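Numbering (my numbering), first residue to last: 14 to 177. A virtual CB, placed ideally from N, CA and C, is assigned to each residue, including glycine. Since the model is a prediction, treat every value here as computed from it, not as a measurement. One structure is given below, encoded as structure tokens.
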């Protein structure tokens, strides 16, 4: 089974916390999707990554990585698994799964520890500078996180939104 990473799990140390045996396959993109930052509906304590699709993302591409997953079965508060087809840099099409917010609330930045995985991953994986700038602009346009300096949970965080 394939997993499409588009956010914090672009950063190798972060995805290895959750799927230590996963294998990176290729860079890829999802057509008519874009990366956004939102608080979960009804919450105002922090933002998360969200992949938004049609009709809001018509003509856009969300860039990421395809991994062969290692059997991760965890579910998390405010998120759902969903199927997505992506196009690999290797010319192949991949049917993947990924996480997205169930009900996105207001646009809001994530905490600093969470955010830093995104530019670190985009840069280390060699994504285009234009895309990195677009992600940074999306982050900057979102409301500030009221708990921006909260610490990074040690090891693998819990499934509850309050522990992540």
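Using the Cα positions of residue 105 and residue 119, report the straight-line distance between them to the nearest angstrom.
-> Roughly 35 Å between the two C-alpha positions.
Distance cut-off 7 Å: residue 25 Cβ against heavy atoms of the ligand ZN | No copy of the ligand ZN occurs in the structure displayed, which carries no ligand at all.
Between which two residues does the beta strand (DSSP E) harbouring residue 111 extend?
-> Looking at the DSSP string, the run of the beta strand (DSSP E) that includes residue 111 is 106-114.
Pick helix, strand or coil for residue 47, following the three-state DSSP scheme.
-> Looking at residue 47 - three-state DSSP - the assignment turns out to be strand.
By how many angstroms is the C-alpha of residue 98 removed from the C-alpha of residue 81?
-> Going by C-alpha positions, residue 81 is about 14 Å away from residue 98.
Return the first residue and the last residue of the alpha helix (DSSP H) that residue 29 is part of.
-> In the DSSP assignment, residue 29 falls within the alpha helix (DSSP H) that extends over 25-31.
Please list, in chain order, all residues of the same chain as residue 67 whose beta carbon is under 7 Å from its beta carbon, the five residues on each side excluded.
-> Same-chain partners within the cutoff: 45.
Which whole runs of the beta strand (DSSP E) in the stretch 41-91 are 3 residues long or more, in chain order?
-> For the stretch 41-91, the full-length beta strand (DSSP E) segments reaching 3 residues or more read 47-53, 61-65 and 74-81 along the chain.
Taking the CB atoms as reference points, tell me whether residue 63 and residue 113 lie closer together than 8 Å.
-> For residue 63 and residue 113, yes; Cβs fall inside 8 Å.
In terms of residue numbering, what span does the alpha helix (DSSP H) encompassing residue 143 cover?
-> Residue 143 -> alpha helix (DSSP H) spans 142-154.
Distance CB(residue 35)-CB(residue 28) smaller than 8 Å | By the CB criterion at 8 Å, residue 35 and residue 28 fall inside the cutoff.
Which residues in the same chain have their Cβ closer than 6 Å to the Cβ of residue 39, if we skip the five residues on either side of it in sequence?
-> Hits under 6 Å: 79, 101, 102 and 103.
Thinking C-alpha only, which one of 25, 14, 30 and 17 is nearest residue 166?
-> Shortest Cα-Cα distance from residue 166 to any of 25, 14, 30 and 17 involves 30.
Apart from the five residues on each side of it in sequence, which residues of its chain come closer than 8 Å, Cβ to Cβ, to residue 57?
-> Cβ neighbours of residue 57 beyond the five flanking positions: 118, 119, 121 and 159.
Who are the near neighbours of residue 155 in its chain, counting only those whose CB is closer than 7 Å to its CB and skipping five residues on each side?
-> Result list for residue 155: 50, 60, 120, 121 and 122, in chain order.
Three-state secondary structure (DSSP) at residue 101?
-> Three-state DSSP puts residue 101 in a strand.
By DSSP, does residue 166 sit in helix, in strand, or in coil?
-> Residue state for residue 166 is assigned as coil, using DSSP reduced to three classes.
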